[in-house]
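Visitor: For the sequence shown, counting from 1, position 169 maps to 169 in the working numbering; every step adds exactly one. Dumping the structure here so I can ask a few things about it.
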Amino acid sequence: MADEMIAVSGITKTFFTGSEPSRVLDDVSFTIQKGEIVTLLGKSGCGKSTLLHMVGGFTKADQGQVLLDSQQVQRPTKRCVMLFQQRNLLPWRSVLKNVELGLEGEKLSADDKKERVLDALKLVGLEQHLHKFPHELSGGMQQRVAIARAFAMQPDVILMDEPFAALDTFSRYRLQDELVRIQSQKKTTILLVTHDIDEAVYVSDRVLIMSSHPGKIYKEMKIAQTKPRDRSHGDFHYFRKKILDEFELSGVPNTSEYSI
Ligand SMILES: Nc1ncnc2c1ncn2[C@@H]1O[C@H](COP(=O)(O)OP(=O)(O)OP(=O)(O)O)[C@@H](O)[C@H]1O
Ligand SMILES: [Mg+2]
1 MADEMIAVSG ITKTFFTGSE PSRVLDDVSF TIQKGEIVTL LGKSGCGKST LLHMVGGFTK
61 ADQGQVLLDS QQVQRPTKRC VMLFQQRNLL PWRSVLKNVE LGLEGEKLSA DDKKERVLDA
121 LKLVGLEQHL HKFPHELSGG MQQRVAIARA FAMQPDVILM DEPFAALDTF SRYRLQDELV
181 RIQSQKKTTI LLVTHDIDEA VYVSDRVLIM SSHPGKIYKE MKIAQTKPRD RSHGDFHYFR
241 KKILDEFELS GVPNTSEYSI
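Shown next, in the form of structure tokens:
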């Protein structure tokens with residue numbers, strides 16, 4: 001399909017610990033349209049990171065395939081950038097040089113590179129901190145440098161593995177706001193992994209709820225609300241409760257055959 005950026009079909013993965021096989025992902029399929037933000041939400045150990053690494057070309061599936069803009073993913077490419085939860089920065093490089101790192105090997109003039117780097121740092125509000133080093137920044141600022149580097153590369157897709165999980169609530173909210181704002185300008189396709197239901201409802205166009213042992217896409221939920229969203233609005237709580245019900249945390253019994 002012309003507007004399909006990612007198509008995951010029939011992904012199966014078994015890991016071995018010693019000689020014991022453990023089926024981590026079982027027949028996982030989903031698609032993501034160009035410009036969508038989609039979240040993989042699921043309990044610890046359900047296979048979210050494994051799945052994300054497969055989309056990025058870092059891990060091979062036993063069965064099934066991933067298409068990125070109709071091309072089979074076989075290794076990591078610059079069209080699809082991965083943002084990790086922590087340790088995204090090189091401690092010996094300044095903010096400016098850390099963002100520049102993403103453009104190494106690009107056929108760009110020095111001026112064009114500089115312009116891209118400065119634009120990206122402006123997007124995340126760090127233009128006053130170009131010459132600082134990672135240890136001089138808060139955790140939130142460090143993640144903003146990593147986000148700037150990802151957007152400076154102008155990829156088609158950004159994969160994010162719990163990028164805000166280590167931050168305090170206020171920094172997390174602020175970065176979620178920034179992500180939604182920047183993505184609405186750049187229209188980058190984003191696949192994000194989180195445990196945080198509020199984060200999923202706040203940033204996503206669709207949430208893919210995963211069940212565990214083995215990991216499967218158990219339910220897909222469209223968050224039909226315009227962005228930016230209001231965390232205190234009734235609609236926000238409606239989606240939050242719907243997801244909580246799926247996770248059997250809201251006290252409502254869930255009759256599903258899968259344990260989420
Ligand atoms: N390289 C590996 N070798 C063996 N087992 C692995 C490997 N990578 C992951 N696993 C196992 O696969 C399962 C899924 O791991 P994964 O990291 O994908 O979970 P997750 O959903 O991202 O969890 P979390 O939310 O805690 O990050 C876990 O049981 C994990 O122990
Ligand atoms: Mg993980």
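Cβ atoms here follow ideal geometry from the backbone N, Cα and C, with glycine treated the same way. A quick note: this is a predicted structure, and the numbers were derived from the prediction, not measured.
Taking Cβ positions, are Val145 and Val99 nearer each other than 8 Å?
Guide: The residue labelled residue 145 in the question sits at position 145 within the sequence shown. The residue labelled residue 99 in the question sits at position 99 within the sequence shown. In contact: Val145 and Val99 (Cβ atoms closer than 8 Å).
Visitor: Since Leu41 is in the beta strand (DSSP E), which residue starts that stretch and which ends it?
Guide: As a first step, residue 41 is located in the sequence shown; it is residue number 41 there, counting from the start. Element bounds for Leu41: Ile37 to Leu41.
Visitor: With DSSP as the reference, label Lys34 as helix, strand or coil.
Guide: Stepping through the sequence shown from its first residue, residue 34 is reached at position 34. Correct three-state label for Lys34: coil.
Visitor: Is Gly42 near ligand 3 - that is, is its Cβ less than 7 Å away from at least one heavy atom of it?
Guide: This structure simply doesn't include ligand 3; it includes ligand 1 and ligand 2 instead.
Visitor: Look at the alpha carbon of Gly105 and the alpha carbon of Phe16, and state the distance between them as a whole number of angstroms.
Guide: Numbered from 1 along the sequence shown, position 105 holds the residue referred to as residue 105. Numbered from 1 along the sequence shown, position 16 holds the residue referred to as residue 16. Taking the straight line joining both Cα atoms gives about 37 Å.
Visitor: Does the distance from the CB of Gly45 to the CB of Ser212 come in under 8 Å?
Guide: On the sequence shown, position 45 is the one that residue 45 refers to. On the sequence shown, position 212 is the one that residue 212 refers to. Yes.
Visitor: Just reading off the beta strand (DSSP E) that Ser9 is part of, what are its end residues?
Guide: Translated into positions along the sequence shown, residue 9 becomes position 9. It spans Glu4 to Thr17 - the beta strand (DSSP E) in which Ser9 sits, taken as one unbroken run.
Visitor: Grouping DSSP H, G and I as helix and E and B as strand, with all else coil, what is Gly140?
Guide: Residue mapping note: residue 140 aligns to position 140 of the sequence shown, counting from 1. DSSP places Gly140 in helix when its eight states are reduced to three.
Visitor: Tell me whether the beta-carbon of Leu68 lies closer than 8 Å to the beta-carbon of Leu208.
Guide: Along the sequence shown, one-based indexing puts residue 68 at 68. Along the sequence shown, one-based indexing puts residue 208 at 208. No, these two residues do not count as a Cβ contact at 8 Å.
Visitor: Between the segment 75-94 and the segment 24-34, do three or more beta carbon pairs fall short of 8 Å?
Guide: Flag = no, the segment 75-94 and the segment 24-34 do not touch.
Visitor: Return the bridge partner residues of Gln72 from the DSSP annotation.
Guide: Numbered from its first residue, the sequence shown carries residue 72 at position 72. Looking at the DSSP assignment, Gln72 forms a beta bridge with Leu67.
Visitor: Can you tell me whether His237 sits near ligand 1, meaning its C-beta is under 7 Å from at least one heavy atom of the ligand?
Guide: As a first step, residue 237 is located in the sequence shown; it is residue number 237 there, counting from the start. Answer for His237: no, Cβ out of range of ligand 1.
Visitor: From which residue to which residue does the alpha helix (DSSP H) around Lys241 run?
Guide: Taking the sequence shown and counting its residues from 1, one reaches residue 241 at position 241. Segment Gly234 to Glu246, the alpha helix (DSSP H) holding Lys241.
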